[in-house]
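Each residue of the sequence shown is one higher than the one before, starting from 3 at the first, in our numbering. Don't be surprised by glycine CBs; every beta carbon is placed ideally from N, CA and C.
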Amino acid sequence: MEDNDNVMFPTICCNHPKTIGMKRKRIALAQAAWLTTFWISALRRKHPNADIKMDGTTLQVVKGRDDSEEETTSVSVEWNKLLQKELKRLHVEDLGYLDAVELWATIPEEDKESRGRKDLERLEQQLSVKVVFLERHVLLVGAKAKLEKKCLVIRNVLAHYYWRLKGKQILL
3 MEDNDNVMFP
13 TICCNHPKTI
23 GMKRKRIALA
33 QAAWLTTFWI
43 SALRRKHPNA
53 DIKMDGTTLQ
63 VVKGRDDSEE
73 ETTSVSVEWN
83 KLLQKELKRL
93 HVEDLGYLDA
103 VELWATIPEE
113 DKESRGRKDL
123 ERLEQQLSVK
133 VVFLERHVLL
143 VGAKAKLEKK
153 CLVIRNVLAH
163 YYWRLKGKQI
173 LL
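1. Going straight from the alpha carbon of Met56 to that of Glu115, what length do you get?
2. Would you mind working out which of Glu80, Lys83 and Lys27 sits nearest Thr59, comparing C-alpha positions?
3. CA-CA distance, Leu129 and Gly144?
4. Reducing DSSP to helix, strand and coil, say where Phe11 ends up.
5. Between which residues of its own chain and His93 is the CB-CB distance below 6 Å, once the five residues before and five after are set aside?
6. Could you give the residue range of the beta strand (DSSP E) that holds Glu95?
7. Please state whether the Cβ-Cβ distance between Ala35 and Val134 is less than 9 Å.
8. Look at the Cβ atom of Leu31, then the Cβ atom of Thr108, and state whether they are nearer than 9 Å.
9. What three-state label does DSSP hand Gly23 in the structure shown?
10. In the DSSP assignment, find the unbroken alpha helix (DSSP H) run with Ile54 in it and report its ends.
11. Tell me which residue opens and which closes the alpha helix (DSSP H) that Lys148 is part of.
Here is the structure:
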């Protein structure tokens with residue numbers, strides 16, 4: 003996933019409206035990545051007669067052809083409730099202003115010390131946490147408790163490769 007605006011972030015107060023809009027966009031993209039990876043597949047198993055798609059940050063649900071108009075309306079309300087419930091439990095943590103594209107390029111597919119992309123994907127699946135690389139930011143998305151207590155290994159992998167990229171140590 004990438005940030006399509008290619009907007010340089012100004013070095014201004016974080017409460018500036020343009021900066022707030024970019025933060026919201028990053029959060030929405032990160033939440034959509036988590037929902038696509040973890041939540042949509044579970045919904046498809048629970049509701050096999052529904053066609054569920056995530057298009058960018060938009061959730062699309064189409065019920066089977068035999069559903070009436072009234073049922074479809076009530077179902078859309080139910081889907082919105084399900085989505086809002088899931089979004090409430092998600093927490094997005096921005097690891098800061100990093101060159102995420104370069105950072106992603108420095109992480110090898112496999113690493114003999116379990117620090118490659120495949121290991122990162124394995125950790126994401128185990129923890130139900132998504133690492134999202136946007137143009138200038140790396141975001142962690144998941145339940146708040148998991149981000150606080152269980153993501154140390156993921157943070158170490160990212161810090162290791164950032165350190166290799168920039169030649170300095172950083173705590174994420």
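With the structure as the only source:
1. 35 Å
2. Lys27
3. 8 Å
4. Model confidence at Phe11 stands at a pLDDT of 24, short of 50, so the residue's coordinates are unreliable; what they give is reported in the following sentence. Coil.
5. Lys146 and Leu149
6. Leu92 to Tyr99
7. yes
8. no
9. helix
10. Careful: Ile54 lies outside any alpha helix (DSSP H), inside the beta strand (DSSP E) at Asp53 to Asp57.
11. Lys146 to Lys151
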